[in-house]
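Note sheet for the following structure.
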Amino acid sequence: MHNDVTATGHAARIATVDALLPAPLPFEVGGDSALLSAEVGDTTAAGLTTCTGLGPDSPRSMWRALVEHRLEVQLAGPDPAAGLDALLTRWDEHLGSLARVGDTECAAVLSRPSRDTAGATELLRHGFAPVGVLAVRPAQRMAAGPDATPGVCIRHATPDDLSTAVALQLELQRYDAQFGRITLRPGVEELITKELLHHLERPEPQVWIAELYGQPLGMVVLQMPDETGWIRHRVAASRVGYLSSLAVSETARSSGVGTALAAHAHQVFDEAGADVVLLHHAVANPRSTPFWYAQGYRPLWTGWQRRPAVRSR
Numbered sequence: 012m013h014n015d016v017t018a019t020g021h022a023a024r025i026a027t028v029d030a031l032l033p034a035p036l037p038f039e040v041g042g043d044s045a046l047l048s049a050e051v052g053d054t055t056a057a058g059l060t061t062c063t064g065l066g067p068d069s070p071r072s073m074w075r076a077l078v079e080h081r082l083e084v085q086l087a088g089p090d091p092a093a094g095l096d097a098l099l100t101r102w103d104e105h106l107g108s109l110a111r112v113g114d115t116e117c118a119a120v121l122s123r124p125s126r127d128t129a130g131a132t133e134l135l136r137h138g139f140a141p142v143g144v145l146a147v148r149p150a151q152r153m154a155a156g157p158d159a160t161p162g163v164c165i166r167h168a169t170p171d172d173l174s175t176a177v178a179l180q181l182e183l184q185r186y187d188a189q190f191g192r193i194t195l196r197p198g199v200e201e202l203i204t205k206e207l208l209h210h211l212e213r214p215e216p217q218v219w220i221a222e223l224y225g226q227p228l229g230m231v232v233l234q235m236p237d238e239t240g241w242i243r244h245r246v247a248a249s250r251v252g253y254l255s256s257l258a259v260s261e262t263a264r265s266s267g268v269g270t271a272l273a274a275h276a277h278q279v280f281d282e283a284g285a286d287v288v289l290l291h292h293a294v295a296n297p298r299s300t301p302f303w304y305a306q307g308y309r310p311l312w313t314g315w316q317r318r319p320a321v322r323s324r
């Protein structure tokens, strides 16, 4: 079986699924990566495995297990679900020689195009759960700007807002940690403080505070199109904005603060010429999932995770 043949068939199939998905390329093996393959009749599957590790003091450690085994998947042929099932079995065998049984700081992770639902049952059968979504919102180019929300004023954050920003982000992290995308670690407040201070000390910080009748109760953090090279390859668009986080104090929920912040963020991205805006959210979060889709987002990629990567048998 040839990887480029699978890639070609996979690309043709994906092109019919979602116009905002980027065109996939044949896998290239390098470093510690490995290529796995499987065949089921006329269906072929290819997977590129990689492993990355972080220290617990890394800011990124809040968003993942310390060790992540990742699998990129390409499926071609008449039965992609069966192809994925066979590939996952091969990956299980591969992981058995690399990961310790029951290690909760070791996760097996893969992303699938959200609208390519073939194989969802097989992922569940192999112990994976849909944990996070990379959602996309095409630009709307609001010439008149968003409608004003009574009582809400949005302004640039300054270093004087650091304590407020940290408190809002901590509240968001603690709530989201219930749903599997976030790991609360010792020193999380220090990590958040350092990251927000880095944003606030920039010449033009893309951190915005929402005040409700003069009281700061919400915050949004943005990455502009010239900063999003790390995620631009996930969408078929040239200029990509990324909404890093939006936090609203529990006391201000359902007050319009979150909607006002989102509308302001979209206006900023529109003015910067962004073609699309991306953001991550937890699938199981009962607040963020309906909120973001009411703001014009939809799922683009779904992140599936099994943690620990190797379960006890």
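The working numbering applies: residue 12 is where the sequence shown begins, and numbers increase by one. Heads up, the beta-carbon is just placed ideally off N, CA and C, and yes, glycines get one too. Computed from a predicted structure; not experimentally measured.
- Ranking V177, Q217, E182 by CA distance to the CA of E201 puts V177 first.
- The shortest CA-to-CA distance from E116 to any of T63, L95, L86, A97 is the one to T63.
- Inter-segment contact for the region 81-96 and the region 124-143 is present: three or more beta-carbon pairs are separated by less than 8 Å.
- C-alpha of G58 to C-alpha of H209: approximately 37 Å in a straight line.
- Residue pairing of E50 in beta bridges, as defined by DSSP: T55.
- DSSP lists no beta-bridge partner residue for M235.
- Going by DSSP, W102 is part of no beta strand (DSSP E) but of the alpha helix (DSSP H) stretching over 91-107.
- In this model, P310 and V232 are separated by some 20 Å (Cα to Cα).
- Residue pairing of M230 in beta bridges, as defined by DSSP: I220, A258.
- DSSP places A119 within a strand segment (E or B) once states are collapsed to three.
- An exposed status is given to H167, since fewer than 16 other beta-carbon atoms sit within 10 Å of its beta-carbon.
- Boundaries cannot be given for P297, as no alpha helix (DSSP H) includes it and DSSP labels it neither H nor E.
- Among the bridge pairs identified by DSSP, G42 is matched with none.
- R148 is not a Cβ neighbour of Q278, given a cutoff of 8 Å.
- Here the region 67-75 makes contact with the region 189-200; the two share three or more CB pairs at distances below 8 Å.
- A distance below 8 Å separates the beta carbons of L272 and W219.
- With fewer than 16 neighbouring CB atoms inside 10 Å of its own CB, D68 falls in the exposed class.
- I203 carries a helical assignment under DSSP once its states are collapsed to helix, strand and coil.
- Looking from the CA of G267, the closest CA among G20, V84, V163, A34 belongs to V163.
- The beta carbons of P124 and W303 sit about 18 Å from each other, so the pair does not count as a contact at 8 Å.
- A check of alpha carbon separations from S44 across H80, R322, E282 identifies H80 as the nearest.
- Per DSSP, the continuous alpha helix (DSSP H) segment holding Q184 begins and ends at 173-187.
- In the three-state scheme derived from DSSP, where H, G and I count as helix and E and B as strand, G20 is classed as helix.
- For L82, the closest C-alpha among the options Q189, R245, D103 is that of D103.
- Boundaries cannot be given for H137, as no beta strand (DSSP E) includes it and DSSP labels it neither H nor E.
- Around the beta carbon of T160, 16 or more other beta carbons lie within 10 angstroms, which makes this residue buried.
- By the Cβ test, the region 236-245 is not in contact with the region 254-263, since fewer than three Cβ pairs between them sit closer than 8 Å.
- Contact between P35 and Q85 holds, with the beta-carbon distance rounding to 6 Å and staying under 8 Å.
- Here F139 has W315, Q316, R317 as same chain residues with Cβ atoms under 7 Å from its own Cβ, once five neighbours each way along the sequence are excluded.
- Excluding the 5 residues flanking it on each side, L290 has same chain C-beta neighbours closer than 6 Å at A146, L254, in chain order.
- In terms of Cα proximity to S323, the closest of A110, V294, K205, L223 is A110.
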